[in-house]
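*Asks:* Counting in the numbering used here, the sequence shown runs from 1 upward without gaps. After the structure tokens below, expect a handful of questions from me.
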Amino acid sequence: MSLVLPWEVLERVIDHFVILRSFSLTCRQLRPRTLLFMMESCHFHAKDQVFAFCDFLQAKSEFLSLIQSLFVCPIDFLPFPLIRILPNISTLRFIIRRFGEYARPADRPVVDLHPSALSCYRVYGERIRTLSLDHLSFTTYSDFFRLVLAFPNATEIICQDVLVKIPPTNASVIDVVKRKLSKQPRLETIKMKR
């Protein structure tokens, strides 16, 4: 005999992911909604998780279209292989997961992007509409701007606690990037948070 939960219970848990996930382990009725929640936004803490997830997606391709957001650490893994295969990806959040481990922001590792990685982002990142950079460190402003400009269709760019280790030698570097960003017709919002 299958247990059916009353609507009052469903209404209380349907928007709370942790509770929903717990209930779905025992109630088949909530499994589809839980899968949607779990697949909509994917958070990765290590490269091994990403590879295991790629293997899972190859076996269960019906989940590819559900994924809309990726949260990854660009120090550990560059996500363009995932971006390439996800048809509905719209949000990419680069975040240093271990930022609390660093006593000072200057001690954080630097995001070092090879030109081929930036090219892949330009090619495969065309569906990204929201780019979020959280607790990242770059060597120069040029490195930071090259990453931002690699996503030409982004309508929103959010930067929180972004550190550039070497200040610009002159204002012309920043002016050039401002001009390039102003020529991106889709960009609507840039949010800078400390």
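Beta carbons: idealized from backbone N, C-alpha and C, even for Gly. As the structure is a prediction and not an experimental result, all values here were calculated from the model.
Taking 8 Å as the cut-off, decide whether the C-beta atoms of LYS180 and LEU136 are in contact.
*Replies:* Working through the sequence shown from its first residue, we reach residue 180 at position 180. Working through the sequence shown from its first residue, we reach residue 136 at position 136. No, Cβ-Cβ distance for LYS180 and LEU136 is not below 8 Å.
*Asks:* Pick helix, strand or coil for LEU86, following the three-state DSSP scheme.
*Replies:* Locating residue 86 in the sequence shown gives position 86, where the first residue counts as 1. Coil, per DSSP.
*Asks:* Report the rounded CA-to-CA distance for ARG84 versus LEU131, giving the unit in angstroms.
*Replies:* Here residue 84 corresponds to residue number 84 of the sequence shown, with the count starting at 1. Here residue 131 corresponds to residue number 131 of the sequence shown, with the count starting at 1. The straight-line gap from Cα to Cα measures roughly 16 Å.
*Asks:* Compare the Cα-Cα distances from SER119 to each of VAL18, LEU78, PRO87 and report the closest residue.
*Replies:* Here residue 119 corresponds to residue number 119 of the sequence shown, with the count starting at 1. It is LEU78 whose Cα lies nearest to the Cα of SER119.
*Asks:* Rounded to whole angstroms, what is the Cα-Cα separation between ILE166 and ILE19?
*Replies:* In the sequence shown, counting from the first residue as 1, residue 166 sits at position 166. In the sequence shown, counting from the first residue as 1, residue 19 sits at position 19. Rounded to whole angstroms, ILE166 to ILE19 spans 45 Å at the Cα level.
*Asks:* Which of helix, strand or coil does DSSP assign to PHE138?
*Replies:* Taking the sequence shown and counting its residues from 1, the one referred to as residue 138 is at position 138. DSSP places PHE138 in strand when its eight states are reduced to three.
*Asks:* How should SER116 be labelled, buried or exposed, when 16 other C-beta atoms within 10 angstroms of its C-beta is the threshold for buried?
*Replies:* Here the question's residue 116 lines up with position 116 in the sequence shown. Exposed, because fewer than 16 other Cβ atoms sit within 10 Å of the Cβ of SER116.
*Asks:* Looking only at DSSP bridge pairs, what is ILE96 linked to?
*Replies:* Residue numbering aside, residue 96 sits at position 96 when the sequence shown is read from its first letter. Answer is none; ILE96 lacks a bridge partner.
*Asks:* Classify VAL13: buried if its beta carbon has 16 or more other beta carbons within 10 angstroms, exposed otherwise.
*Replies:* Your numbering for residue 13 matches position 13 in the sequence shown. VAL13 comes out buried.
*Asks:* Tell me which residues share the same chain as MET192 and place their Cβ nearer than 7 Å to its Cβ, disregarding the 5 neighbours each side in the sequence.
*Replies:* As a working note, residue 192 is residue 192 in the sequence shown. CYS159, listed in sequence order.
*Asks:* Determine the extent of the alpha helix (DSSP H) in which SER22 is found, giving its start and end residues.
*Replies:* Numbered from its first residue, the sequence shown carries residue 22 at position 22. Counting along the chain, the alpha helix (DSSP H) containing SER22 begins and ends at 17–24.
*Asks:* Leaving out the 5 sequence neighbours to the left and right, which residues in its chain are closer than 7 Å to ILE75 when beta-carbon positions are compared?
*Replies:* Translated into positions along the sequence shown, residue 75 becomes position 75. ILE96, PRO109, VAL111, listed in sequence order.
*Asks:* Please report the Cβ distance between THR189 and THR139, rounded to the nearest whole angstrom; I am assuming they are in contact, meaning their Cβ atoms lie under 8 Å.
*Replies:* The residue given as residue 189 occupies position 189 in the sequence shown. The residue given as residue 139 occupies position 139 in the sequence shown. That pair is no contact at about 26 Å.
*Asks:* Measure the alpha-carbon distance for PRO32 versus VAL72 and round it to whole angstroms.
*Replies:* Counting from 1 along the sequence shown, the entry for residue 32 is found at position 32. Counting from 1 along the sequence shown, the entry for residue 72 is found at position 72. Looking at the two C-alpha atoms, the distance is approximately 25 Å.
*Asks:* If you follow the alpha helix (DSSP H) that GLU196 is part of, which residue opens it and which one closes it?
*Replies:* Residue 196 lies beyond the stretch modelled for the chain, which goes from 1 to 194, so this question has no answer here.
*Asks:* If you drop the 5 nearest sequence neighbours on each side, which residues of the same chain put their C-beta closer than 6 Å to that of VAL162?
*Replies:* Against the sequence shown, residue 162 aligns to sequence position 162. Contacts found: LEU133, LEU136.
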